[in-house]
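>
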Amino acid sequence: MTELILSVFGIAVNTAAVAYVATKLLDVRYTVWRLIVVSVCGYSVMQYGLLAALMEPFRYREPTSEEMPGAFALWGLVFVTAPVIAMIMLVVWEAVVPTGAVPPVRTWFKGLRTRSRRTRRYVQILGIAARHGLTGLLRGRRQAEQDAEMARALRRALDDAGVTFVKLGQILSTRRDLLPAVYIAELAKLQDQAAPVPGEGMVPLVEAAAGAPIGEVFASFDLEPVAAASIAQVHTAVLHGGEAVVVKVRRPGAEQAVERDLDIIRRLARSLDRHTSWGRSMNVLGLADGFAEALREEVDFTVEARNLAQVAAAHDRRSAEVRVPRPHADLSDEQVLVMERLPGVPLGSACLADRGVDGRELAAALLREMFDEIMVDGIFHADPHPGNLMLLDDGRVGLIDYGSVGRLDRELRSSFEAILQAVDRQDGPALADALISVSSRPDELDQTGFERALGSFMARHLVPGANPGLRMFTELFRIIAKYRIVIPPELAAVFRSLATLEGCLTAVDPGFDLIAEARDIGQRYAERRLRPAAVQDLVVEEVHDLLPVLRKLPRRLERLLASVEAGQVSVNFRLFAKAEDRRTVTAWLHQTLLTVLAAAAGLMAVMLLGNDNGPALTAEFTLYQFFGLSLLLIASVMALRVLADIFTRRSRQD
Numbered sequence: 008m009t010e011l012i013l014s015v016f017g018i019a020v021n022t023a024a025v026a027y028v029a030t031k032l033l034d035v036r037y038t039v040w041r042l043i044v045v046s047v048c049g050y051s052v053m054q055y056g057l058l059a060a061l062m063e064p065f066r067y068r069e070p071t072s073e074e075m076p077g078a079f080a081l082w083g084l085v086f087v088t089a090p091v092i093a094m095i096m097l098v099v100w101e102a103v104v105p106t107g108a109v110p111p112v113r114t115w116f117k118g119l120r121t122r123s124r125r126t127r128r129y130v131q132i133l134g135i136a137a138r139h140g141l142t143g144l145l146r147g148r149r150q151a152e153q154d155a156e157m158a159r160a161l162r163r164a165l166d167d168a169g170v171t172f173v174k175l176g177q178i179l180s181t182r183r184d185l186l187p188a189v190y191i192a193e194l195a196k197l198q199d200q201a202a203p204v205p206g207e208g209m210v211p212l213v214e215a216a217a218g219a220p221i222g223e224v225f226a227s228f229d230l231e232p233v234a235a236a237s238i239a240q241v242h243t244a245v246l247h248g249g250e251a252v253v254v255k256v257r258r259p260g261a262e263q264a265v266e267r268d269l270d271i272i273r274r275l276a277r278s279l280d281r282h283t284s285w286g287r288s289m290n291v292l293g294l295a296d297g298f299a300e301a302l303r304e305e306v307d308f309t310v311e312a313r314n315l316a317q318v319a320a321a322h323d324r325r326s327a328e329v330r331v332p333r334p335h336a337d338l339s340d341e342q343v344l345v346m347e348r349l350p351g352v353p354l355g356s357a358c359l360a361d362r363g364v365d366g367r368e369l370a371a372a373l374l375r376e377m378f379d380e381i382m383v384d385g386i387f388h389a390d391p392h393p394g395n396l397m398l399l400d401d402g403r404v405g406l407i408d409y410g411s412v413g414r415l416d417r418e419l420r421s422s423f424e425a426i427l428q429a430v431d432r433q434d435g436p437a438l439a440d441a442l443i444s445v446s447s448r449p450d451e452l453d454q455t456g457f458e459r460a461l462g463s464f465m466a467r468h469l470v471p472g473a474n475p476g477l478r479m480f481t482e483l484f485r486i487i488a489k490y491r492i493v494i495p496p497e498l499a500a501v502f503r504s505l506a507t508l509e510g511c512l513t514a515v516d517p518g519f520d521l522i523a524e525a526r527d528i529g530q531r532y533a534e535r536r537l538r539p540a541a542v543q544d545l546v547v548e549e550v551h552d553l554l555p556v557l558r559k560l561p562r563r564l565e566r567l568l569a570s571v572e573a574g575q576v577s578v579n580f581r582l583f584a585k586a587e588d589r590r591t592v593t594a595w596l597h598q599t600l601l602t603v604l605a606a607a608a609g610l611m612a613v614m615l616l617g618n619d620n621g622p623a624l625t626a627e628f629t630l631y632q633f634f635g636l637s638l639l640l641i642a643s644v645m646a647l648r649v650l651a652d653i654f655t656r657r658s659r660q661d
């Protein structure tokens, strides 16, 4: 019983020592159960290994008075060794399995039901992929001659997988810069092929959003939806004031299904990125993250109502050629959106000749509208695919579905204008500077190579007679990625919108010259900025920014002249001005110093341990060997600190 009490007391003391040293000296993270495990192991090694070996001479007899100091010294050395052994185990454990890599035991059964549903859904998705023969595509075995068959299988699989995957297919159908034409043609069939929910089931949602019975809000409400998409379906209605509206209602359970499936898509993206070269080249992880963010916004109809109100106000300020529906915020919530009904037909199914509409003028008006939204309003439609465009009865274009928008502040709009001007002048260095000025510049950039690549790009795609298309945008993205230029997401959304819009413009007018029209629009913006009123506004803005500086300039100049007259002007140069640089250099010096000291202490320890001379502590152990073991413990602690910094730095940064 006494031995058990002593062991428990020894383990407690050892645990406290390890916790203190690991926190103060090693800076190693740990959990309580890890600390207890390594402490018990270290104490056991000390109790039943080192102590028994070193105290073997006193196993059957008591130490004499001359041997008593040596025995006490060995006891102290052994007890100091126990925490060192435990700390070695703790550092190795942290290096192999960092803290947090394995969820705590208390959380293993938390959310088990949710994980079980996710696992069943994951198995269901994999089963759908296998049933449609997509396992080869997921493993990277894609063959060009099988593209047509694979495209049909992909479309059927996405359709069977449900809401989120149908929406993913719809978005991919607009990305001709990423997928071959045969895939685009198949995935485009997902745009309007969704089974509707009975209208009677949508009435309670509409009444909850309006806060009144449906008969009090609408003079008429058509229970048969006119369109059914993956997330919502659209009903037509008439308000009591006579205004025709459309009511967009989110499908029941759509939000929960989206959140569940987004996790599956993220896992599939990681698998494709890890196992396929084409997945890495297409940056499927980035696409998955962008898709998730956009889809979460699209599910919440309050976001679209706010976007519509802002876009409508911007259109009113500049008398836009293109119309957008006006929302009725008082009748809408996150599940229901009531908005103005635009009289017209979808642009993709409209016969322009029968309506007497000139395709080129219509395409030019649509492109001008996109540039006006980008350059003037600062808020633009981020997904202008054919399903979101309408040809109105008055011959104008209507834009719908503003669930996904892009936003540019004044600085980014100025940068985009600089990009357009560089493209118009065929100036590679100016285009490189414009892109770098708004991007995260890499540590090592081949400026000359980047400028030459952009110059070669413009010579191929932006000269008279060239046939620009989505290949142009794809090549531009590849050049930017090759030189590790990180374009801001807002500016990248502009390029993606233009790439998507190019397909619409080509469908409206197959001979439409996108580059020539874009240059004309750019020249108009440049001429507009040179008008007297615009120049006056620019001068007023610059003077307004300079006034605070000019107000302080005389006082600062007087101080500078006084310092020069008194001979007090000096120049300070700080080699490590940034605190981060100082911390980095200090950490390097500490590691180097600890490594040298640990090596020196270890070398001295080996030399002393090999010396059999000197005063004897026991019959087989000398004082020099005692000093050698002590130095070995000191060297071990210093080496542990260096190893802890090396092996656990990454986990701490994560």
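The opening position of the sequence shown corresponds to residue 8 in the numbering used here, with each subsequent residue numbered one higher. Yeah, the Cβ is synthetic: ideal placement off N, Cα and C, and Gly gets one too.
Under the assumption that Leu246 contacts Ala215 (Cβ atoms under 8 Å), give the Cβ distance between them as a whole number of angstroms.
As a working note, residue 246 is residue 239 in the sequence shown. As a working note, residue 215 is residue 208 in the sequence shown. The Cβ separation is near 18 Å, so there is no contact.
> Residues in the same chain with beta-carbon distance under 8 Å from Leu498, minus the five sequence neighbours each way, listed in chain order, please.
As a first step, residue 498 must be located in the sequence shown, where it is residue number 491. So the qualifying residues of the chain are Leu415, Leu419, Ser422, Phe423 and Val445.
> DSSP state of Gln660, grouped into three classes?
Numbered from its first residue, the sequence shown carries residue 660 at position 653. Confidence in Gln660 is poor, its pLDDT being 49 and thus under 50, which makes the residue's placement unreliable; the coordinate value appears in the next sentence. If DSSP states are grouped into helix, strand and coil, Gln660 belongs with the helices.
> Over the uninterrupted beta strand (DSSP E) stretch that includes Arg257, give me the two end residues.
Locating residue 257 in the sequence shown gives position 250, where the first residue counts as 1. Ala251 to Arg257 is the extent of the beta strand (DSSP E) around Arg257.
> When the Cα atoms are used, what is the spatial distance from Ala533 to Val253?
Numbered from its first residue, the sequence shown carries residue 533 at position 526. Numbered from its first residue, the sequence shown carries residue 253 at position 246. Looking at the two C-alpha atoms, the distance is approximately 40 Å.
> Can you tell me whether Ala136 is buried or exposed? The criterion is at least 16 other CB atoms within 10 Å of its CB, across all chains shown.
The residue given as residue 136 occupies position 129 in the sequence shown. Buried, by the Cβ-count rule.
> Check for me: the beta strand (DSSP E) holding Gly293 runs from which residue to which?
For the purposes of this step, residue 293 is taken as residue 286 along the sequence shown, with counting starting at 1. Element bounds for Gly293: not the beta strand (DSSP E) but the alpha helix (DSSP H), Val291 to Val306.
> Between Asp154, Leu133 and Leu186, which lies nearest to Ala164 when the distance is taken from Cα to Cα?
Here residue 164 corresponds to residue number 157 of the sequence shown, with the count starting at 1. Considering only alpha carbons, the answer is Leu133.
> For the segment 391-409 against the segment 346-354, do three or more pairs of beta-carbon atoms, one drawn from each stretch, fall closer than 8 Å, so that the two count as touching?
yes
> What separation, rounded to the nearest whole angstrom, lies between the Cα atoms of Glu266 and Gly394?
Start at 1 with the first residue of the sequence shown, and residue 266 comes out as number 259. Start at 1 with the first residue of the sequence shown, and residue 394 comes out as number 387. Roughly 24 Å separates the two Cα atoms.
> Can you tell me whether Gln530 is buried or exposed? The criterion is at least 16 other CB atoms within 10 Å of its CB, across all chains shown.
Residue mapping note: residue 530 aligns to position 523 of the sequence shown, counting from 1. Its Cβ having fewer than 16 others within 10 Å, Gln530 is exposed.
> Under the rule that 16 or more other beta-carbon atoms within 10 Å means buried, what is Ser356, buried or exposed?
What you label residue 356 is simply residue 349 of the sequence shown in a count that begins at 1. Classification of Ser356: exposed, given that the 10 Å Cβ count is below 16.
> Please identify the residue among Val52, Ser51, Met53 and Ala26 whose C-alpha is closest to the C-alpha of Arg41.
The count along the sequence shown starts at 1 and reaches residue 41 at position 34. With distances taken between Cα atoms, Arg41 lies closest to Ala26.
> Indicate the three-state DSSP secondary structure (helix, strand or coil) for Pro334 in the structure shown.
The sequence position of residue 334 within the sequence shown is 327, counting from 1. Pro334: strand per DSSP, three-state reduction.
> So Thr171 and Leu269 are in contact, right, with Cβ under 8 Å, and what is the actual spacing, rounded?
Taking the sequence shown and counting its residues from 1, the one referred to as residue 171 is at position 164. Taking the sequence shown and counting its residues from 1, the one referred to as residue 269 is at position 262. Thr171 to Leu269, Cβ: 6 Å. Contact.
> Use the C-beta contact count for Gly363: other C-beta atoms within 10 angstroms, 16 or more gives buried, fewer gives exposed.
Here residue 363 refers to the residue found at position 356 of the sequence shown. That one is exposed.
> Across which residues does DSSP place Ala234 in a beta bridge pair?
Stepping through the sequence shown from its first residue, residue 234 is reached at position 227. Beta-bridge pairing links Ala234 to Val241.
> Determine, using beta carbons only, whether Ala80 and Val45 come nearer to each other than 7 Å.
Within the sequence shown, the letter at position 73 stands for residue 80. Within the sequence shown, the letter at position 38 stands for residue 45. It is not a contact, given that the beta carbons lie outside the stated cut-off.
> Measuring only from the beta carbon, is Tyr409 closer than 6 Å to any heavy atom that is part of the ligand GTP?
In the structure shown, the ligand GTP is absent, as is every other ligand, since no ligand is present at all.
> Could you name the residues of the same chain whose beta carbon sits closer than 7 Å to that of Glu304, not counting the 5 residues immediately before and after it, in chain order?
Position 297 of the sequence shown, counted from the start, is the residue given in the question as residue 304. So the list reads Val310, Gly410 and Ser411, once near-sequence residues are dropped.
> If you follow the alpha helix (DSSP H) that Phe423 is part of, which residue opens it and which one closes it?
Numbered from its first residue, the sequence shown carries residue 423 at position 416. Looking at the DSSP string, the run of the alpha helix (DSSP H) that includes Phe423 is Arg417 to Arg432.
> For my contact list, Ser504 and Phe378 are in at a C-beta cut-off of 8 Å; report their separation, rounded to the angstrom.
Start at 1 with the first residue of the sequence shown, and residue 504 comes out as number 497. Start at 1 with the first residue of the sequence shown, and residue 378 comes out as number 371. Contact flag wrong, Cβ pair sits at about 11 Å.
> Please list the terminal residues of the continuous alpha helix (DSSP H) segment that includes Ser504.
Against the sequence shown, residue 504 aligns to sequence position 497. Its alpha helix (DSSP H) spans residues Pro496 to Val515.
> Spell out the partners DSSP gives His388 in its beta bridges.
What you label residue 388 is simply residue 381 of the sequence shown in a count that begins at 1. Bridge partners of His388: Val412.
> Do Gly635 and Ala612 have their C-beta atoms within less than 7 Å of each other?
The residue you call residue 635 lines up with position 628 of the sequence shown. The residue you call residue 612 lines up with position 605 of the sequence shown. Yes.
> Tell me the DSSP secondary structure of Ala357 in three-state form.
Sequence index remark: in the sequence shown, residue 357 carries index 350 (1-based). It is coil, neither helix nor strand.
> Going by C-alpha to C-alpha distance, which of Cys511, Ser278 and Ile271 sits closest to Arg125?
Sequence index remark: in the sequence shown, residue 125 carries index 118 (1-based). In terms of CA proximity to Arg125, Ile271 leads the group Cys511, Ser278 and Ile271.
> In three-state DSSP terms, what is Glu368?
Residue mapping note: residue 368 aligns to position 361 of the sequence shown, counting from 1. Looking at Glu368 - three-state DSSP - the assignment turns out to be helix.
> Could you pull the start and end residues of the beta strand (DSSP E) that Glu451 belongs to?
Sequence index remark: in the sequence shown, residue 451 carries index 444 (1-based). For Glu451, there is no enclosing beta strand (DSSP E), since its DSSP letter is neither H nor E.
> Between the alpha carbons of Gln660 and Gly49, how many angstroms are there, rounded?
One-based indexing of the sequence shown puts residue 660 at position 653. One-based indexing of the sequence shown puts residue 49 at position 42. For Gln660, the predicted model reports a pLDDT of 49, less than 50, meaning its position is unreliable and no value from the coordinates is stated.
> Pick helix, strand or coil for Val493, following the three-state DSSP scheme.
Stepping through the sequence shown from its first residue, residue 493 is reached at position 486. Val493 falls in the strand class under three-state DSSP.
> Compute the distance between the beta-carbons of Glu328 and Ala372, then report whether it is under 7 Å.
The residue you call residue 328 lines up with position 321 of the sequence shown. The residue you call residue 372 lines up with position 365 of the sequence shown. Closer than 7 Å, so yes.
> Starting from Gly435, follow the alpha helix (DSSP H) in both directions and report where the run begins and ends.
In the sequence shown, residue 435 corresponds to position 428, counting from 1. Unbroken alpha helix (DSSP H) run through Gly435: Gly435 to Ser444.
> Looking at the structure shown, is Met611 part of a helix, part of a strand, or coil, going by DSSP?
Here residue 611 is taken as the residue at index 604 of the sequence shown, counted from 1. Helix, per DSSP.
> Nearest by alpha-carbon distance to Met346: which of Ala319, Cys358 and Arg325 is it?
Translated into positions along the sequence shown, residue 346 becomes position 339. The shortest Cα separation from Met346 among Ala319, Cys358 and Arg325 belongs to Ala319.
> With respect to the alpha helix (DSSP H) encompassing Met53, which residues constitute its N-terminal and C-terminal limits?
By one-based count along the sequence shown, residue 53 stands at place 46. Careful: Met53 lies outside any alpha helix (DSSP H) and carries neither H nor E.
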